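Contents: one structure, followed by commentary.
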Amino acid sequence: MSARLADDELLITRTFDAPASLVFALWSKPEHMKRWMGPANFTCPEVKIDFRVDGAYRAMITSPAHGKNWFGGVYREIVENKRLVFTFTWDNDGPSAGVETLVTITFEEKGGKTVQTFHQRPFLNVERRDSHVGGWTSAFDKLAAYAAQIAKEHSA
Amino acid sequence: MPDTLSVTLSALADPTRRAILARLAKGEATVNEIARPFDISLPAVSRHLKVMEAAGLISRGREAQWRPCRLETRTLKAVDDWLSRYRRFWTESFDKMDAYLAELKAKEKRK
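Quick mapping for you: the protein sequence lines, in order, are chains A and B.
Residues 62 to 217 (the numbering used here) make up the first sequence, in order.
Residues 1161 to 1271 (the numbering used here) make up the second sequence, in order.
Encoded structure:
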């Protein structure tokens, strides 16, 4: 993974006290994913996974306050215990509806622990993506920063 | 309004439009002022501005003949919020992942 990406996009790095094969299985096996997917106060009662490249997954998280939220996507790359790339899109009609994102996760085992590097960015159609060769991601957080700054100035 | 967020994200997916936004972050500007640093024609800049206006990224003054462009901060804030929601979603999921792994490990030890 290039260091340049660390400045951009949504990037979350976590170290888990478990081997990479187990952390990887938490993403690839429905019975595992049901146990952790979703924010605090949500449960994840439904997960269907067709774990192969071009295979789809679909899952639902639910909470008393927010009800059921379905999401899903397609696996783009699978390197057992090392790397996982898939699309992620919410079904709901909220503000994120229809915005396809691309998630890339790498797993690196060090002394029995696993460093999981997760990133996510909007996934635009191929034509658009190829026309700007990854350029937009570097601007994304900067724009978000502008927005936050300007919003602050306006509310001040 | 169309599906605003995906329209916004698409509109952002262009280096020229991002540069225009960066310019407008410093203050409102006319089409001529916006076009100056770019090696593209005025009509091309106007086309970009149209896309950005449709996406709600900018608004254009009606009061003056030269229709100055300004940033629509609410739209950019929506992009920021969208990213924040995902950050929370995953951070809290990974907290649960951590707890679940500890549980699996404890089970393994009991065997």
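Where a beta carbon is used, it is the ideal one built from N, C-alpha and C, also for glycine.
Keep in mind the model is a prediction, meaning the values are calculated, not measured.
For tryptophan 131 of chain A, there is no enclosing alpha helix (DSSP H); the residue is part of the beta strand (DSSP E) that begins and ends at 128-140.
For leucine 1231 of chain B, the closest alpha carbon among the candidates B:Pro1203, B:Ile1200, B:Pro1197 and B:Arg1178 is that of B:Arg1178. Against arginine 1247 of chain B, the close residues of chain A are Leu71 and Ile73, in the order they occur along the chain (beta-carbon pairs closer than 8 Å).
Residue pairing for serine 124 of chain A: DSSP places it in a beta bridge opposite A:Gly128.
The Cβ neighbour count for threonine 162 of chain A, taken over all protein chains shown within 10 Å, is at least 16; the residue is labelled buried.
Residue contact check for lysine 1256 of chain B against chain A: a CB pair falls below 8 Å. When secondary structure is reduced to three states using DSSP, isoleucine 166 of chain A falls in the strand class.
Residue contact check for glutamate 1188 of chain B against chain A: no CB pair falls below 8 Å.
For threonine 1251 of chain B, the enclosing alpha helix (DSSP H) has its first and last residue at 1233-1270.
Take valine 108 of chain A, set aside five residues on each side of it, and the residues of its chain with a beta-carbon closer than 6 Å to its own are Pro91, Met94, Lys95 and Ala120, in chain order.
In its chain, beyond the 5 residues on either side, Cys105, Val108, Ala120 and Ile122 have a beta carbon closer than 8 Å to the beta carbon of methionine 98 of chain A. The beta carbon of valine 1211 of chain B lies closer than 6 Å to those of Ala1171 in the same chain, with the five residues before and after it left out. For a cut-off of 8 Å, the C-beta gap from valine 160 of chain A to proline 183 of chain A is around 6 Å, short enough to register as a contact.
In the three-state reduction of the DSSP assignment, arginine 1183 of chain B falls in the helix class. Counting C-beta atoms within 10 angstroms of its own C-beta, alanine 1266 of chain B has fewer than 16 neighbours from the protein chains shown and is therefore classed as exposed. Each residue's CA atom was taken as its position, placing threonine 76 of chain A and lysine 1237 of chain B some 31 Å apart.
Per DSSP, glutamate 92 of chain A has no beta bridge partner at all.
A contact is defined here as three or more CB-CB pairs under 8 Å, and the stretch 127-138 of chain A meets this definition with respect to the stretch 111-119 of chain A. Taking a cut-off of 8 Å on C-beta distances, the stretch 1198-1207 of chain B does not touch the stretch 1220-1230 of chain B, as fewer than three cross pairs fall below it. Taking 8 Å as the cut-off, the Cβ atoms of arginine 144 of chain A and threonine 167 of chain A count as close. Taking CB atoms only, leucine 1165 of chain B has a neighbour in chain A less than 8 Å away.
The three-state reading of DSSP puts valine 146 of chain A in strand, counting E and B together. Measuring C-alpha to C-alpha distances from arginine 1245 of chain B to each of A:Phe147, A:Glu138, A:Trp151 and A:Val146 identifies A:Trp151 as the nearest. Contacts with chain A (Cβ-Cβ distance below 9 Å) from the stretch 1223-1245 of chain B involve Leu1231, Thr1233, Arg1234, Thr1235, Leu1236, Lys1237, Ala1238, Val1239, Asp1240, Asp1241, Trp1242, Leu1243, Ser1244 and Arg1245, listed in chain order. No Cβ of chain A is located within less than 8 Å of the beta carbon of leucine 1209 of chain B.
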